[in-house]
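Engineer: Dropping the structure in here first, questions after.
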Amino acid sequence: MREAPRVGAPGSQLAAGFRDAAAAMLDRGRGDDAARGRKRERRGRWRLPRRRLFPAMGVPARDRPSPRHRVLVCGAVSADVGRPPALRFSHRRAPIRTAQSAQTRGRPSRGGARRAPRRRCRHSLRTCTERGAGACAPDMPAGDALMAAITGILSRTATVDREALATALASAGDAMRRRAPIEGGMAIAYDASIGLAHRASEGPGGEAVLQPLRNESGTLWLVADGEPSNAADLRLELIGAGHRFQSSSGSEVILHLYEHEGVAAFERLTGAFAFALWDREQRQLVLGRDRFGEKPLFVADGAERFAFASEVQALVPGASIAAPAITAFLALGYVPEPLTVAPTIRAVAPGTFVRVRGARPRGESFWDHASAQPSGHRAADRVALGRLVRESVQAAVAGEEDVGIVLDGSVTRAALLALVSPTLARGLRTHTLVFDTPSRPARARRATYAVAARARTLADWFRSDHCEHHVGPAEFAAAFEAAAAGDQPSIGAALAHLTAAYVSGSGDRVLLAGIGGSELLGVGRGRWSPWAWRASRRASSRTLARALARIAARVRPFGGAGRAADALGGTDAIAAAHFVARGLLGSRGIARVLRLEVAAEAQAGFDALAYVRTLASRVPEAAFLPATRSARDAAVRVAAAIERGGRLTFGRLRDVEAAAAALGLALRTPYLDHRLCDWLDAATSPRGGATLLDEVLAGTLPPPLRAPLRPPAPPIDAWMRAELRPLVEGYLLGDDPEELFVRAGVEELWRGFLARRVGWREAWTVAVLRAWIAARRGRRRDTGPRGVRDQDAA
């Protein structure tokens, strides 16, 4: 038998050379997108050819982008709804095929591999790869469940029944079926002192790994929701240190990292995760949560037991609604943490870990806000910031396929598409929501069509499949009903659920969200009130403005006058300007719609303006530096930072994460990277770190597409006056068994909205709250025992 050539021998080198040459020829022959992406990545910064612009600008056809990628239009589009001629999209597109012919079915592709047979997708104008009856997406990759639900109970009494503990864990898990429908594993200690349980979602890798996980000796047990984004690097490091992994789960690195370095190792974790770790030797329970609070984690600290779960309803089913949470929601549109809708439940703070050992839990922060620092030189800082952005985006989509991006006209989301397209070889799809409302003003319709045309142009340029989802009041009402069944109320939950439903229905498995981009850029439009800021800066103008606002609030308690009467009394001008612009109901409006005793308890337990002042006090001093920066510019930066610490974390991010979990999507948020945030917070350059970030993101786009377009808001106002009026009135003026609201005050609010004296957001907030209470009232929980997939002793 002839001996194979050794490594390094001339024969092996020659064979390797032939293989490389053949691979290069194949790449050049079939125009492999992945090879072109690698070439662009090696070349460095991508450059736009001088004459390769767009057909609307009169460029010859030979310089146009390739039209081989289809534009897919989903949803019913009426014939009378069309784009104005001035905004008509003139790019030529390939015909949309709804089915393949018998002659082309199974035909080999240009690369030589046979195409899989295709079938009709759930959308009428799409086809997708078939993998079984009723399927609409390729098989799930092996890996960890990126969306899951965890729960556990630590007993503080001497006598505990194992069967009762197992029943309680099973009931808590059943309460989280909407978030994680796949029943997971359970581990209970021999002495029934603690029990851990896990449920998996229907997302990528949902059933790949069974939790709880344990170390080699069985002294450490772990349940986790999500996994660190740097799990692969940490895994190699821990294997080199002698640790033996029991599974392919990325969450297992938390277990071995704690075993190797203790709680000090948590600061090395990045990404989105929430975990509970039981240390049997030290009799200690450790809970941890990611820095931005993307993964939820709630605790109930009682005299007889300490419990935790991914949802509030799993800990206290059927409990009364906390009055401070009602005030917070009516004033802000979300329930800020650590508050929850249950009086005895608190949320674990983002970026902290909690150690439960004995009678009292102790929390510590592992976010030191010093992971990245700018140098002060503009050119070097631009390069460093660009590297951070690219690393964050590449880590978010590493090893993923079927990724969906929702484009809305902003530079941040367009830059995501530009950064991701060279990395992903296939499965990149873009989406745009087009709200069909003929009764909207012409200016709003033109803005909607401009955003849709920009999204199509971006998709054609970066060669991604594009879906336009035309949304009407019926689709929005269905999303509103589905979002009302969420764990906590939020005014943006319906839109988040609608977006996630369209992305999931198109066959995508990963939602690449641009959440946090505008907050990092410091965009202040709409996040603060300039006149309120100017009025609050001086005592004389503040006193006069507050007196006028109080007079106006007596006549119109539900509008901006009520918020101004509350906000203009303090000395914090930025907090007052933010609350006037972004708040909802002031104290006078809340007192009108809530019963007297409920309003008194609610306002005593939560002060919305004090909460906004607390967020403003956390803004780093770099926002006010250097001294040459204008006070107005500093106020805009602080307002954006308040938005990032409040509405972004506890509103938008919570809504998108909950919707993605309910629909089996893995959520990726590359802009919410702690290194990127630390770098921008510490930037003291004259133009600010946000300007550098804007330049970095805009540099990834062709020059004609760098100007941002502000997308119009969904036409909820018009729908509430027409198609959605019966639905909203049914919730606002319906029965109130909990006896929380004053019917006369709610009717006054609704009449003011119909007469255009009150904005739609105030009426919509009360409708969302009452719909959530009705859905909570209608939920029925089965407290009977449930079979579990695995039981073990911890």
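Quick note on numbering: this note's numbering labels position 760 of the sequence shown as 828, and the sequence is numbered without any gaps. Even glycine gets a Cβ: it sits at the ideal position worked out from N, Cα and C. Quick caveat, the model's predicted, so the values are computed rather than measured.
(1) DSSP state of residue 383, grouped into three classes?
(2) Taking the DSSP output, what are the residues bridged to residue 346?
(3) Are the beta-carbon atoms belonging to residue 586 and residue 478 less than 8 Å from one another?
(4) Figure out for me which residue from 348, 227, 559 has the closest Cα to the Cα of residue 287.
(5) Going by beta carbon distance, what residues of the same chain come within less than 7 Å of residue 816, once the five residues before and after it are set aside?
(6) Which residues does DSSP list as the beta-bridge partners of residue 420?
(7) In angstroms with no decimal places, state the Cα-to-Cα distance between residue 315 and residue 563.
(8) Taking the continuous alpha helix (DSSP H) assigned at residue 661, which residues delimit it?
(9) Straight-line CA distance for residue 382 to residue 295?
(10) Measure the C-alpha to C-alpha separation of residue 457 and residue 450 and round it to an integer number of angstroms.
(11) Starting from residue 254, follow the beta strand (DSSP E) in both directions and report where the run begins and ends.
(12) Can you tell me whether DSSP reads residue 221 as helix, strand or coil?
(13) Per DSSP, residue 358 forms a beta bridge with which residues?
(14) Going by C-alpha distance, which of 750, 845, 785, 718 is nearest residue 864?
(15) Is residue 665 near the ligand ATP - that is, is its Cβ less than 7 Å away from at least one heavy atom of it?
(16) By the three-class DSSP mapping on this structure, what secondary structure does residue 548 have?
(17) Identify the continuous beta strand (DSSP E) that holds residue 503 and give its terminal residues.
(18) Could you round the C-beta distance between residue 736 and residue 571 to whole angstroms and report it? I think they count as a contact, below 8 Å.
(19) Can you tell me whether residue 445 is buried or exposed? The criterion is at least 16 other CB atoms within 10 Å of its CB, across all chains shown.
(20) What does the alpha-carbon distance come out to for the pair residue 644 and residue 652?
(21) With C-beta atoms as the reference, is residue 336 less than 8 Å away from residue 418?
(22) Suppose the cutoff is 8 Å on Cβ atoms and the five residues either side in sequence are ignored; what does the same chain contact list for residue 801 look like?
(23) Say whether the stretch 516-525 touches the stretch 467-477, bearing in mind that this needs 3 or more beta-carbon pairs closer than 8 Å, one atom from each stretch.
(24) Just the C-alpha distance for residue 431 and residue 372, rounded to the nearest angstrom, thanks.
(25) Which residues in the same chain have their Cβ closer than 8 Å to the Cβ of residue 713, if we skip the five residues on either side of it in sequence?
(26) Provide the residue(s) that pair with residue 369 in DSSP beta bridges, ordered along the chain.
(27) Could you pull out every unbroken beta strand (DSSP E) segment of at least 3 residues lying fully inside the stretch 816-852, listed in chain order?
(28) Could you tell me if residue 888 is buried or exposed, where buried requires 16 or more neighbouring beta carbons within 10 angstroms of its beta carbon?
(29) DSSP three-state label for residue 313, please.
(30) Measure the Cβ-Cβ separation of residue 481 and residue 533 and say whether it is below 8 Å.
(31) Output the distance between the C-alpha atoms of residue 646 and residue 403, rounded to the nearest integer angstrom.
(32) Is the separation between the beta-carbon of residue 512 and that of residue 780 shorter than 8 Å?
Structural biologist: Inspection of the coordinates gives the following:
(1) Numbered from its first residue, the sequence shown carries residue 383 at position 315. Here residue 383 sits in coil by DSSP.
(2) Numbered from 1 along the sequence shown, position 278 holds the residue referred to as residue 346. In DSSP, residue 346 forms a bridge with 289, 353.
(3) Your numbering for residue 586 matches position 518 in the sequence shown. Your numbering for residue 478 matches position 410 in the sequence shown. Against a cut-off of 8 Å, the Cβ pair of residue 478 and residue 586 comes out as a contact.
(4) Position 219 of the sequence shown holds residue 287. Out of 348, 227, 559, 348 has the C-alpha closest to the C-alpha of residue 287.
(5) Sequence index remark: in the sequence shown, residue 816 carries index 748 (1-based). Sequence-distant Cβ neighbours of residue 816 in its own chain, meaning closer than 7 Å and more than five residues away, are 660.
(6) By 1-based counting over the sequence shown, the position of residue 420 is 352. According to DSSP, which records beta bridges pairwise, residue 420 is partnered with 433.
(7) Along the sequence shown, one-based indexing puts residue 315 at 247. Along the sequence shown, one-based indexing puts residue 563 at 495. Their backbone Cα atoms lie some 37 Å apart in a straight line.
(8) Looking up residue 661 in the sequence shown gives position 593. Unbroken alpha helix (DSSP H) run through residue 661: 655-661.
(9) Taking the first residue of the sequence shown as 1, we reach residue 382 at position 314. Taking the first residue of the sequence shown as 1, we reach residue 295 at position 227. Roughly 22 Å between the two C-alpha positions.
(10) In the sequence shown, the residue the question calls residue 457 occupies position 389. In the sequence shown, the residue the question calls residue 450 occupies position 382. Linking residue 457 to residue 450 through their CA atoms gives a straight-line distance of about 11 Å.
(11) For the purposes of this step, residue 254 is taken as the residue at position 186 of the sequence shown. 250-256 is the span of the beta strand (DSSP E), which, as asked, contains residue 254.
(12) Walking along the sequence shown from the start, residue 221 turns up at place 153. DSSP places residue 221 in strand when its eight states are reduced to three.
(13) The count along the sequence shown starts at 1 and reaches residue 358 at position 290. DSSP output for residue 358 lists no bridge partner at all.
(14) No statement about residue 864 is possible, as the shown extent of the chain runs from 69 to 862 and does not include it.
(15) Absence of the ligand ATP is noted for the structure shown, with no ligands found whatsoever.
(16) Translated into the one-based positions of the sequence shown, residue 548 becomes position 480. Residue 548 falls in the helix class under three-state DSSP.
(17) Stepping through the sequence shown from its first residue, residue 503 is reached at position 435. It spans 496-503 - the beta strand (DSSP E) in which residue 503 sits, taken as one unbroken run.
(18) Translated into the one-based positions of the sequence shown, residue 736 becomes position 668. Translated into the one-based positions of the sequence shown, residue 571 becomes position 503. Actually they are not in contact, since the Cβ atoms of residue 736 and residue 571 sit about 12 Å apart, beyond 8 Å.
(19) Here residue 445 refers to the residue found at position 377 of the sequence shown. By the neighbour-count rule (16 or more Cβ atoms within 10 Å), residue 445 is not buried but exposed.
(20) As a position in the sequence shown, residue 644 is number 576, starting the count at 1. As a position in the sequence shown, residue 652 is number 584, starting the count at 1. Near 13 Å, if we compare the C-alpha coordinates of residue 652 and residue 644.
(21) Here residue 336 is taken as the residue at index 268 of the sequence shown, counted from 1. Here residue 418 is taken as the residue at index 350 of the sequence shown, counted from 1. Contact: no.
(22) On the sequence shown, position 733 is the one that residue 801 refers to. Taken in chain order, the residues that qualify are 811, 814, 815, 818.
(23) yes
(24) Position 363 of the sequence shown, counting from 1, holds the residue named residue 431. Position 304 of the sequence shown, counting from 1, holds the residue named residue 372. Roughly 20 Å separates the two Cα atoms.
(25) For the purposes of this step, residue 713 is taken as the residue at position 645 of the sequence shown. Excluding sequence neighbours, residue 713 sits near 683, 686.
(26) For the purposes of this step, residue 369 is identified with residue 301 of the sequence shown, where counting begins at 1. In the DSSP output, where bridge partners are listed per residue, residue 369 has 374.
(27) With a minimum length of 3 residues, no continuous beta strand (DSSP E) run stays inside the stretch 816-852.
(28) Outside the shown range of the chain (69 to 862) lies residue 888, about which nothing can therefore be said.
(29) Start at 1 with the first residue of the sequence shown, and residue 313 comes out as number 245. Of the three classes helix, strand and coil, the one that applies to residue 313 here is coil, per DSSP.
(30) The sequence position of residue 481 within the sequence shown is 413, counting from 1. The sequence position of residue 533 within the sequence shown is 465, counting from 1. No. Outside cutoff.
(31) Position 578 of the sequence shown, counted from the first residue, corresponds to residue 646. Position 335 of the sequence shown, counted from the first residue, corresponds to residue 403. Cα-Cα distance, rounded: 17 Å.
(32) Sequence index remark: in the sequence shown, residue 512 carries index 444 (1-based). Sequence index remark: in the sequence shown, residue 780 carries index 712 (1-based). Yes. Within cutoff.
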